[in-house]
Every structure is written in C-alpha cells, then in structure tokens.
Amino acid sequence: MRELMRKISVEVKLITCFLLLVLTGTANGERIFLFGLIAGLVWISAGESIAEAGRQLRRFSWFFFVMMVVPLIFYPGIPVLIFSSVELPISYEGVHASLLAGSKLASMFLISLAVMKTTPIEEIHKTLERWIITLKLKDSIIEEGARVFFLAWLIFPQLLVVLQTEFSKQKGGIDSSPNNPFKRAIEIGYKIIPLLANILKNPQNYIKGESNK
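Have a look at this one:
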C-alpha cells in the first residue's frame, strides 16, 4: 500500500482530495473518527510514517492552538466541574467542539500534505488550468476565483508555513507600538494580502512539492 499514491493520476488524486476535504470539514460526531482513519490511510499510502505525520503536524501547533482554544473558551454549555464544586471557565460542549476542531484540522492537513508530497506542484497547477478550460470559465474574475479557491483548499497547510516565513522577512517597518493596535492590524493586512495573492498566483515559486525535493 505504501507509495500507492505516487502511482495514481493527478486528476484522480485532486478530485479525491477535494471530496475528502469537504466531507472531513463537514463531519460531526463519530464520523470524524472515520475520516481520521481515512486520512491516516491516505498518509501511509503516500509512503510516509506515523512519526513523520506527528512531525508535520507539530509545524502547525500554533494554528491548532488558536483553532482549538477559541471554541474551548467561548462555546456555551454546561460548565466543567472539579470535585463537584469548582467550575472551570469552559464547558463540556466547548471541550467537545475543541477536540472536534483539532481532529478535523489534523485529518484535513494530512490529506492535503499527502497529495503535495506525492505530486509536483507544477502538475497540480497544470491540472487546475485544464479543468478551468474544460469548464469554459471564460470570465477572468470567475477563472481567477476558481483557481484561487481550489489551490487554497489544496495547499492550505503549506500556505500557512510559507506565509509565516515570508511575512517574517517582510514585517520590517510595521508599527509595533501597543498604543496603535488598529494601525498595526491595517499595516499587517497591507503586507499579507498582496503576499498571499502572489503565492496563489505563482505557487511553484513558494510551495515545495515532490519535484522540489
């Protein structure tokens, strides 16, 4: 089964990946465990180990932290009790929502990373271009929107890493004064938005796929 994904056509991999990402992202309850198992099988079929999966996911620990802490703290519900008397500022529903969010993200990241590790980014880009031509998306705005949508979904994990790296190189000149949080947020937005647009327009210059190894 190992290395199986390298033998599958790019078209089949991308279609399967998009379907799994959508199904995993909308899964609730016990179904997320099923998609977690599927994500693990996809990862192994790419010739990768469980230890490598853990190493890859640790790269996004800051993102997992944010996405899991928000529902943990703000999700309404029955407060968690300690020794039947002390209430914690979190609810049982919040704990469930936090674990669900973490499981979804881990599963989706592994699926996306498995595809990226077994497919040259150039081939992914060419395949998306062929699909756009086949669908006859002649309007430039719709065409660009479709390209960005599919590409962003697929390379989202690596996109986070690239954004973090590239932004750290360009963050000079941002007002770091705590008295100007609004101004700082605007300046960060001015730097991130064009950077993100450039990455999605020329992903092969930033994203490392199989061909870049």
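To convert a position in the sequence shown, counted from 1, into my numbering, add 8.
Glycine residues also receive a C-beta, built at the ideal position from the N, C-alpha and C atoms.
A quick note: this is a predicted structure, and the numbers were derived from the prediction, not measured.
Cβ shell of residue i (< 8 angstroms), same chain only, five flanking positions each side left out
i    : result
A114 : G44, A47, L65 and F72
L118 : A47, G48, V50, W51, A61, Q64 and L65
A35  : L42, F43 and K112
I86  : S99, Y100 and E101
N-terminal and C-terminal residue of the alpha helix (DSSP H) that residue i is part of
i    : result
I46  : R39 to S53
P79  : S69 to F82
E101 : Y100 to T126
R63  : I58 to R66
K21  : V18 to T34
Rounded distance between the beta-carbons of residue j and residue i, thought under 8 angstroms
i    : j    : result
R39  : T126 : Incorrect: roughly 26 angstroms between the Cβ atoms, too far for contact.
M116 : L29  : 6 angstroms
P165 : F68  : 6 angstroms
Beta-carbon proximity list for residue i, same chain, < 6 angstroms, skipping 5 on both sides
i    : result
E56  : none
I98  : L80 and V88
S106 : M76, P79 and L80
T24  : none
F158 : L136
Pick from the options that is closest to residue i, judged by C-alpha positions
i    : options                   : result
M76  : L168, T142 and S111       : S111
E101 : V74, P128, V123 and V78   : V78
V20  : L168, G33, P165 and T135  : T135
L27  : H133, I132, P128 and S120 : S120
L22  : V103, I86 and P128        : P128
L168 : P202, I86, T142 and W70   : W70
G37  : R138, V74, V103 and C25   : V103
W32  : T142, A109, I16 and S17   : Checking the sequence, you will find Thr at residue 32 rather than Trp. Checked all of T142, A109, I16 and S17; the closest Cα to T32 is A109.
Own chain partners of residue i with C-beta closer than 7 angstroms, once the 5 adjacent residues on each side are dropped
i   : result
A54 : M13, A122, K125 and T126
V18 : T127, E131, I132 and T135
heavy atom of the ligand ZN below 7 angstroms from residue i C-beta
i   : result
C25 : Only the bare structure without any ligand can be found here, which leaves the ligand ZN out of the picture.
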